[in-house]
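Protein sequence lines, in the order shown, are assigned to chains E and V.
Position in the first sequence counted from 1, then plus 320, gives you this note's numbering.
Position in the second sequence counted from 1, then plus 164, gives you this note's numbering.
The C-beta atom is built at its ideal place from N, Cα and C for all residues, glycine as well.
Please read these numbers as outputs of a predicted model, since none were measured by experiment.
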Amino acid sequence: MTFLSPFLLWVILPFVIMPVIIHLINRMRYTPLKWAAMDFLFSAKRSSTKFAKLREKIILACRCFAILCLALALSRPRSGGWMGWSFSNSAETVIIVLDRSNSMGALDESGEKNKLQRTIQMVRESAALLPRGTRFVLIDSATAKATTLQDLETLDDPLLFGVTDATCNMSELLQITYDYIKTNVSGEAEVWMTGDLQYSNWNPENRQWQALTGDFSDLNQKINFRMLALSHKVKENTSVSVRSATRTRYQEKNVLNLKLHLERNFEKDEVIQLSVKLNGNTTLRELRISGRVLDYTYTIDLPEGDKGGFGVVSIPKDKQPGDDSYYFAYGESKELKSGVISKSSFSKLLVAAASPVKGTNHKAQLISATQLPSILSKNYSLIIVEDSNLNQDQQRQLLSFVQQGGQVLIFPPIREGQEMLSAIKPGKVESSAEAPFVVDNWDSEQGALANSTQGEALPLNKLNISSRQLPLNAGEVLASYKDGGSFLSRYGRGKGAIYYCSSGIQKKWSDLYRGAVLLPMINRLITDGAKQYSSVINDNCQVREFSDLKTLEGNTQAIYKNLSAGVYEQDNELLVLNRPLLESTTQQITEKKLKNLFASSHFSMFNEEVASSGDENVQTELFSLFACLILIFLGVEGYMTLRKAQPGEEK
Amino acid sequence: MKELKKRDFIDPQLLAKLGRLTVEARGFMEGGFAGRHKSPHRGSSVEFAQYRKYVQGDDIRNIDWRVFARTERHYVKEFEADTSLRSYMVLDCSGSMAFEGKDGNKFNFARTMVATLANILVQQGDAVGLYAFNDKVIQELPPRTSPKHLYAINETLSKLKPSGPTNLIKTLHNLAAKIRRRAMVIIFSDCFTNVEKLIDCFSHLHFKKHDVAVFHIVDEAELKFEMTRPVRFMDMEGSGSLIADPAIIRDEYLQHINDYLKEIKTECFKHKVDYRFCVPGEGAEGVLSDFLLERIKGIHG
Chain E
321 MTFLSPFLLW
331 VILPFVIMPV
341 IIHLINRMRY
351 TPLKWAAMDF
361 LFSAKRSSTK
371 FAKLREKIIL
381 ACRCFAILCL
391 ALALSRPRSG
401 GWMGWSFSNS
411 AETVIIVLDR
421 SNSMGALDES
431 GEKNKLQRTI
441 QMVRESAALL
451 PRGTRFVLID
461 SATAKATTLQ
471 DLETLDDPLL
481 FGVTDATCNM
491 SELLQITYDY
501 IKTNVSGEAE
511 VWMTGDLQYS
521 NWNPENRQWQ
531 ALTGDFSDLN
541 QKINFRMLAL
551 SHKVKENTSV
561 SVRSATRTRY
571 QEKNVLNLKL
581 HLERNFEKDE
591 VIQLSVKLNG
601 NTTLRELRIS
611 GRVLDYTYTI
621 DLPEGDKGGF
631 GVVSIPKDKQ
641 PGDDSYYFAY
651 GESKELKSGV
661 ISKSSFSKLL
671 VAAASPVKGT
681 NHKAQLISAT
691 QLPSILSKNY
701 SLIIVEDSNL
711 NQDQQRQLLS
721 FVQQGGQVLI
731 FPPIREGQEM
741 LSAIKPGKVE
751 SSAEAPFVVD
761 NWDSEQGALA
771 NSTQGEALPL
781 NKLNISSRQL
791 PLNAGEVLAS
801 YKDGGSFLSR
811 YGRGKGAIYY
821 CSSGIQKKWS
831 DLYRGAVLLP
841 MINRLITDGA
851 KQYSSVINDN
861 CQVREFSDLK
871 TLEGNTQAIY
881 KNLSAGVYEQ
891 DNELLVLNRP
901 LLESTTQQIT
911 EKKLKNLFAS
921 SHFSMFNEEV
931 ASSGDENVQT
941 ELFSLFACLI
951 LIFLGVEGYM
961 TLRKAQPGEE
971 K
Chain V
165 MKELKKRDFI
175 DPQLLAKLGR
185 LTVEARGFME
195 GGFAGRHKSP
205 HRGSSVEFAQ
215 YRKYVQGDDI
225 RNIDWRVFAR
235 TERHYVKEFE
245 ADTSLRSYMV
255 LDCSGSMAFE
265 GKDGNKFNFA
275 RTMVATLANI
285 LVQQGDAVGL
295 YAFNDKVIQE
305 LPPRTSPKHL
315 YAINETLSKL
325 KPSGPTNLIK
335 TLHNLAAKIR
345 RRAMVIIFSD
355 CFTNVEKLID
365 CFSHLHFKKH
375 DVAVFHIVDE
385 AELKFEMTRP
395 VRFMDMEGSG
405 SLIADPAIIR
415 DEYLQHINDY
425 LKEIKTECFK
435 HKVDYRFCVP
445 GEGAEGVLSD
455 FLLERIKGIH
465 G
């Protein structure tokens, strides 16, 4: 039970013992009186003491409880409270599933405590009400291990049990919970799940849930699931992330392009102070933002001979400090090589598209299929195949290149029925000169066809496509025609991917040769393919432990470095750990979906957001409850008092 | 003035109101003189009344044989059989009688009733004695008929002060053993003692053919027990005390005292004791007039 006006409770609470004090003072103020009928007094005292004293105590208790109820009623108690859970708890073992993910660092309105600290406080308060001897077991998202807690006070240690930059996989934690219960718990158990209901943490579509809930219902003992949800959302939050840190040459200079992504949950014109710390030097820049999203490329000149570096981008701290910074690193400058296998007259166009600007480190050349074995060991990022048929050996070599992280882009025509790279099965060539095929749907968020850094969409819908050769197996469709056919498909193989564009660059196929779509698409594929040669490893903070990490940038106090965002050195490579971007999403799982997940178990939920939102029904219900209790106590008190007065009145 | 103050328990107005009434005995009395009360020894003494012709059914023992010898006719000689009344006023002078209610204390109330009844009895030519006691006999005045004796009684009453413990049981048993002839015994007490033993005393007195009357004096405060705050009750007949919250023990106290009053009244009725319940606040006139009138009418309490 929680209170909206706890101050009133503390003010009125001392008055609860007032009836007792008045009673005691009254008893102390006795008056002497000479009395004749002493025998009756003695016998009356002997026989009346038991019942009369009990009645006196009942009357006093009724008065005290009436004042207590008044205090509680005036303090506006809220029902469904987390504390209320413990009243019905009789389990021997309580397993606390603690969400320590990045989003749990969101601060409350006062800015004093984050969600995790509030969760721990509520868990401790509730645990204090449980009988002694209750065993507490902690399974937290950071360690993903079951630990018996001797003392819940240890949860207050921010170094051991603070917010991490990792995510929380609830299904995995509950699998650990199930394993623990099955092995170690014989009696009734309570599972107290805590978290902010972030949808990505629960991922209810995961098939693991079905097996998990089935496992729990098959257990012999009774398991009660209780969810403590802190679904409160920060009102004005801005998050920053670095989508890519790309080193390139521009106008004969080494530059670092940081593609920044700023996202807000509100719309207001404001200027954000952006701070970029690169190799120990901090530069500030003001960014004007008006919408909810801002993609911005921050370009930094690098000195000649620079062999790589690292840094952090940050914005001023808000109520969700966990997403206000993002780490990045970049490696040594390398040429981004591309090869074009083409027999058509448009081959030079493709070479030009792969190395569009002089002075950059992009390099493209026309190669023949027979050169593949010698070329693929020389740091190539992208191989473009246009109007060419490869034999089995060449295809095998190219597939090996893809699996190591390379990218392959294939344009038709391909011989009908010939499977390319064990992935693409081309269909018939279709032509429609009078009514061109229109691309109307594509993934503009990410990938090869994503919007530009300025937020502008690629003009795919303006392409004039007169011929196409659709794949029979579409793979992952990145863009599609009006009739549903795939324009650009992606076939992931190993670390790399094969892309198939169903229309060619030749004039009889389409106007792709104009470059508005072709250039950015090829450049993105080159960048993706170059990642395999990078000495920088970008990863998310996660439970998996890394060996021998040396902190270069970030929290040097962190005990678990794998859970703390930062730049680390590992085996002469730079390891950049950041929060998973899904941690910045605001979508929450609904209570209904949550209940569905635990449909076969006893599940109850306390949502602090609902409780603190001033739900009138809940409050009224409790107020009337305490008002009724006051009436009951006063009624009993009145009855007992009047009953006592009756014999005298008869006289 | 001092003398008058000492005797403020005598109420002239009460005497004036009750002066025309008489104290009637409920049974035969054995007085030393002729009086207005029936004697058990009819025809055996005192004054000759008349001769009457013998009629069939008369006891032949009452035939005057001397007259028969002279006249050869049967005559029966008749005598007056009334005798005087000897009464004992038994007054409880224990500490409990000093209980001070809002209408005065019980002892003064008892003294008023004793003085009034003594006056009436002397006025009608009966003998009155006084027997004052607490745990022992304090004063004993044998029954006499003279007005001078009435003065002595009043004088004694004025000097008595209630104090000490009581021993009503022993006193009444001693009195029953002491009084040889039939008499009227009127007891003035709060009777705070064991009811069973008290009734034994009454049985003893009744066995000795005495006419027993009890004026049971209880103060209104003792009956209602209306204190609201905790009280330290100090025993008036001893040194004990008790701190109690009347609110807690009231019910039980009232239950006990009501049971006690009911029991004493019932037992007195069973043992033909003229029981009179008196509350000082209600005044002596009502109780005494009821007592006297009911005896005159032959309605025995």
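- The beta carbon of F362 of chain E sits closer than 8 Å to some beta carbon of chain V.
- Listed by position along chain E, the residues whose Cβ is nearer than 9 Å to that of S353 of chain V form an empty set, because the closest Cβ is around 11 Å away.
- Taking the beta carbon of T351 of chain E as reference, the chain V residues within 9 Å of it are M391, R393, P394, V395, R396, listed in sequence order.
- Residue environment analysis places A768 of chain E among the buried positions, since at least 16 neighbouring C-beta atoms fall within 10 angstroms of its C-beta.
- According to DSSP, residue pairing for F630 of chain E in a beta bridge involves E:A649.
- In this structure, T533 of chain E and F918 of chain E form a Cβ contact; the two beta carbons are roughly 7 Å apart against a cut-off of 8 Å.
- Between the alpha carbons of L718 of chain E and L594 of chain E lies a distance of about 43 Å.
- Counting C-beta atoms within 10 angstroms of its own C-beta, V887 of chain E has 16 or more neighbours from the protein chains shown and is therefore classed as buried.
- At a C-beta separation below 7 Å, R347 of chain E has these neighbours in chain V: P394, D409.
- Contact between L332 of chain V and A296 of chain V is ruled out by a C-beta separation of about 12 Å, above the 8 Å threshold.
- Not a single CB atom of chain V sits nearer than 8 Å to the CB of E957 of chain E.
- In this structure, DSSP gives T533 of chain E a helical state, which the three-state scheme calls helix.
- In this structure, the straight-line span from the alpha carbon of L669 of chain E to that of I592 of chain E is close to 42 Å.
- As computed with DSSP, C257 of chain V is found in no beta bridge at all.
- Cβ-Cβ separation between L387 of chain V and I428 of chain V: approximately 13 Å, too far for a contact (criterion under 8 Å).
- Between the stretch 394-406 of chain V and the stretch 351-362 of chain E, the count of C-beta pairs closer than 8 Å reaches three or more; the two stretches touch.
- Distance from the Cα of S786 of chain E is smallest, within the candidate group E:R347, E:F807, E:L578, E:E606, for E:F807.
- Closest in alpha carbon position to Q691 of chain E, among E:T871, E:D713, E:V671, is E:D713.
- Between S248 of chain V and A291 of chain V, the C-beta spacing is below 8 Å.
- About 11 Å separates the Cβ atoms of A689 of chain E and V660 of chain E, ruling out a contact at the 8 Å cut-off.
- DSSP, read as helix, strand or coil, puts I345 of chain E in helix.
- Taking CB atoms only, D399 of chain V has a neighbour in chain E less than 8 Å away.
- Under the criterion of beta carbons closer than 8 Å, A262 of chain V and P326 of chain V qualify as touching, at roughly 4 Å.
- Annotation: F379 of chain V has no Cβ neighbours in chain E at a cutoff of 9 Å; minimum Cβ distance is about 16 Å.
- As computed with DSSP, P746 of chain E is found in a beta bridge with E:P791.
- Taken in chain order, the members of the stretch 366-384 of chain E whose beta-carbon sits within less than 9 Å of a beta-carbon on chain V are R366, S367, S368, T369, F371, A372, K373, R375, E376.
- In chain V, no part has a C-beta under 8 Å from the C-beta of M960 of chain E; the shortest such distance is about 11 Å.
- Per the C-alpha coordinates, the member of E:T468, E:Q437, E:L517, E:S363 positioned closest to F926 of chain E is E:L517.
- DSSP places H682 of chain E inside the beta strand (DSSP E), whose first and last residues are 682-686.
- Annotation: the continuous beta strand (DSSP E) that includes N927 of chain E extends over 922-927.
- Under a criterion of Cβ atoms nearer than 9 Å, no residue of chain V is adjacent to W330 of chain E; the nearest Cβ is some 33 Å distant.
- For I421 of chain V, the nearest beta carbon of chain E is closer than 8 Å to its own beta carbon.
- The beta-carbon of L406 of chain V is placed less than 8 Å from the nearest beta-carbon of chain E.
- Residues of the stretch 269-282 of chain V that bring their beta carbon within less than 7 Å of a beta carbon in chain E are absent altogether.
- Just measuring C-alpha positions, the residue of E:P746, E:R347, E:A486, E:A509 sitting nearest E736 of chain E is E:P746.
- A distance of 8 Å or more separates the beta carbons of E889 of chain E and Y647 of chain E.
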